[in-house]
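Line by line, the protein sequences give chains A and B.
For the first sequence, position 302 matches number 302 in this note's numbering, and the numbering has no gaps at all.
For the second sequence, position 28 matches number 28 in this note's numbering, and the numbering has no gaps at all.
Here's the structure, in structure tokens; my notes come after.
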Amino acid sequence: MLDLHQYNCLGEALRAAIDRWPDEICLIESDRDRENTRLTYREFKEAALPFARALQDAGFRPGSRAAILMTNQSKWLISAYAIFFADGVLVPLDYMLKAPDQIKLFAHSGAEVLIAEYHLWREIAKASNLDGLSAKLIIAVNAPPDADLGGAKRWEEFRSGQEPQFAARGRKDPACIVYSSGTGGRPKGCVLTHENYLEQAAAVAPVFPFSPGDRYLSIIPTNHAIDFMGGFIMPFTGGGTVVHLRTLRPELIRSAFTKYKITYMAVVPLILKNLQNGLRERFAALPAGKRRMLKVLTAVNSTLTRDRPRLWFSRFLLKDIHQAFGGGLRALLVGGAFTDPSLIEFFHDLGIPIYNGYGCTEACTAITLNDLRPFRPDTVGRPVAGMEIRTLNLNAEGIGEVAVRSRTVMSRYLNDPEMTAETIVDGWLITGDLGRIDASGQLKLFGRKKNMIVTEEGKNIYPEDVEAAFEGIRVKEFCVFAANYLWPAHTMTGEQLVAALHLDSGQSLTDELVKDLADRNRRLPNYKRISGYFVWDADFPRTASMKIKRVDLANQIRGQVHRDVMAPL
Amino acid sequence: MPDIDTTTNQILDLASTHFKVPREQLSPDDDFFKKLGIDSLQALSLLTRIEGHFHIELPDYELQGVTDFRTLAERIQSRL
């Protein structure tokens, strides 16, 4: 692992890694039973630098911004390195968003270049509002030979034979603009500096060290802070290998463990649950005697690994299970959303070293990490090195809002000084999450103060962002809330969105109205859908400019109606 | 090439077998996430079965934004 403290920017650190491990494999891209790509660091450099030079020839200057819109694949990382090499700022866009949202965030970011996978570019080109797409240059990736590129350049041909110019950026210069939310409402573009990334990687490296031969299976979208760190910066600055799968079928994820002897993998709770289901099905198919034996061995392992992981012992005791995970798995990291302790316990009992943590894009990924010493699935662990945390405005139970101070905290929200000032106060990042720090320094989470939900897929959903889907519905007014925001449940699992409907006088809740609500809901991506609705009888409090005073409305609702009023949709 | 109704019916048959749900309970306009109580990963696992049946390769993104069997069938039909 490189000593990241000696570098000023990601481009410099990545460049040093490439020169240090030229013959090690850095990327493997697999598609079903085929292997599309296997690159050494030298080959990676040979792919990236002509692309960087072509960017520069097209007018890309230090500080210029380029957006990447791709599913996880080798060309994502090649493009990202080229952008950093050309001293640019990277804007990773979420490929799961709909095209109009991608256009909106692209425009907000001020990016000049869009590097998009062909099928995603096609959707953008088809979207009705192309006015916001102020790209000077569009580069389409993986376009079929006869494809209509709609004015885009072909990624595979976008290269120059000349050497690109490299000039290091400063530690405080922006490296990435990462959108943590804001597709429907106010875009939250976290401006993360080179220092943010270098400090985060240096802090997490002692827990998850990479060296040549270590392999990371990249499943979480690379535009997400976790994969960008775990599936790019960390393995690359340690000479490790990143394995991409072009298809994320559960059975292919499972087989990748053994095929590629994976060392590390980061997952969101949804994937962890799927792995759990797969294992349970296997256990259920065992003969009764073997099942009993497994139960005994699991209990022994669980008892003997409570104070710390004993990986060699677990691998010996529960050999078959560890073989199913490739036999070399050192850590399964779960993050992106709150994970049910029983789910963590399931894997821990099998001796799979499972690390849960807590973080956010604004703090450049991880804030706390459970180091398994001892195993505490009820908490999200202690702060990682260099992170200070405290809880503000404690209630009688010692629960308060979590605040963080560290060199990993973003510099600002792009173009939004007001929201920046609300979020970073006296150098402390106010997270909006509620927690309690116990005597051993472990943080336990107890829901959120802010009006949002996080899905099991690790997606942050702000109610304001889904309201557009219900615009025009025939009611007097409506407002969407996180149910736990209205009715605090002190839990962070099974979070739901709920719509408050205020009907016109004399109007009743007809089947037709409910059907309209359901139809509109259905047009939303499944993770953005509301789970229920209720009727609210009074006018919504509004500002002079007629905006809903959400906090006031929530307080009124909280005081007058119970969660049970919510009718499922 | 089968027509769209045949493709849709075949997909419903495959979903019925894959998720162990009686065939008569499934109809083309069903929201499969809701009807089957599945998540996005489980939905992806159906694609593998569909690929095997129709002898085609379906990128994962063909499922993006799709929630009902009929739309899924249309996407598959365009690749047959």
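For glycine and all other residues, C-beta sits at the position ideal for the given N, C-alpha and C.
When Cβ-Cβ separations below 7 angstroms define contact, residue 32 of chain B makes no contact with chain A. At least 7 angstroms separates the CB of residue 29 of chain B from every CB of chain A. DSSP places residue 71 of chain A in the coil class of the three-state scheme, outside both helix and strand.
The C-alpha of residue 190 of chain A is placed about 12 angstroms away from the C-alpha of residue 108 of chain A. Within the model, the alpha-carbon separation for residue 314 of chain A versus residue 57 of chain A is close to 55 angstroms.
The residue from A/168, A/45 and A/49 with its alpha-carbon nearest to that of residue 12 of chain A is A/168.
Runs of alpha helix (DSSP H) with 4 or more residues, each lying fully within the stretch 448 to 504 of chain A, are found at 463 to 467 and 483 to 486, listed in chain order.
For a Cβ distance threshold of 7 angstroms, residue set 65 of chain B lies close to residue 525 of chain A, ordered along the chain. A direct Cα-to-Cα measurement between residue 210 of chain A and residue 198 of chain A gives close to 15 angstroms. Annotated three-state conformation of residue 403 of chain A is strand, per DSSP. The beta carbon of residue 392 of chain A is closer than 6 angstroms to those of 400, 401 and 403 in its chain, skipping five residues each way along the sequence.
Proximity of the stretch 74 to 92 of chain A to the stretch 38 to 53 of chain A meets the contact definition, three or more beta-carbon pairs being nearer than 8 angstroms. With respect to chain A, the C-beta atom of residue 80 of chain B has no partner C-beta closer than 7 angstroms. Between the beta-carbon of residue 78 of chain A and that of residue 103 of chain A there is about 24 angstroms, and that puts the pair past the 8 angstroms contact cut. For the stretch 240 to 254 of chain A, residues whose beta-carbon sits nearer than 7 angstroms to a beta-carbon of chain B comprise 247, 248, 249, 250 and 251.
Bounds of any alpha helix (DSSP H) do not take in residue 64 of chain A, whose DSSP letter is neither H nor E. In this structure, B/45 is the residue among B/57, B/45 and B/68 with its C-alpha nearest to the C-alpha of residue 251 of chain A.
According to the DSSP secondary-structure assignment, residue 532 of chain A is paired through a beta bridge with A/498 and A/568. Neighbourhood of residue 17 of chain B in chain A, by CB distance below 7 angstroms: empty, with the nearest CB roughly 16 angstroms away. With its beta carbon less than 7 angstroms from one in chain A, residue 48 of chain B belongs to the interface. Boundaries of the beta strand (DSSP E) harbouring residue 433 of chain A: 428 to 437, taken from the DSSP string.
Where residue 354 of chain A is concerned, there is no enclosing alpha helix (DSSP H), although the beta strand (DSSP E) around it starts and stops at 354 to 360. A straight line joining the alpha-carbon of residue 65 of chain B with that of residue 351 of chain A spans about 37 angstroms. Contact annotation: in the stretch 103 to 119 of chain A, residues whose CB is within less than 9 angstroms of a CB in chain B are 117 and 119. Closer than 7 angstroms to the CB of residue 44 of chain B there is at least one CB belonging to chain A. Distances from the CA of residue 30 of chain A to each of A/517, A/212 and A/243 were compared; the closest alpha carbon is that of A/243.
Residues of chain B whose Cβ lies closer than 9 angstroms to the Cβ of residue 274 of chain A are, in chain order, 39, 41, 42 and 45. Against chain B, the CB of residue 407 of chain A has no partner CB under 7 angstroms away; the residue lies outside that interface. The beta carbon of residue 247 of chain A sits closer than 7 angstroms to those of 31 and 32, all from its chain and outside the five residues before and after it, given in chain order.
Residue 60 of chain B has a beta carbon lying within less than 7 angstroms of a beta carbon in chain A. Per DSSP, the unbroken beta strand (DSSP E) holding residue 36 of chain A starts and ends at 34 to 40.
Here the alpha carbon of residue 19 of chain A sits roughly 50 angstroms from the alpha carbon of residue 286 of chain A. DSSP places residue 179 of chain A inside the beta strand (DSSP E), whose first and last residues are 174 to 181. Classified as buried, residue 232 of chain A has 16 or more neighbouring CB atoms from the shown chains inside 10 Å of its CB.
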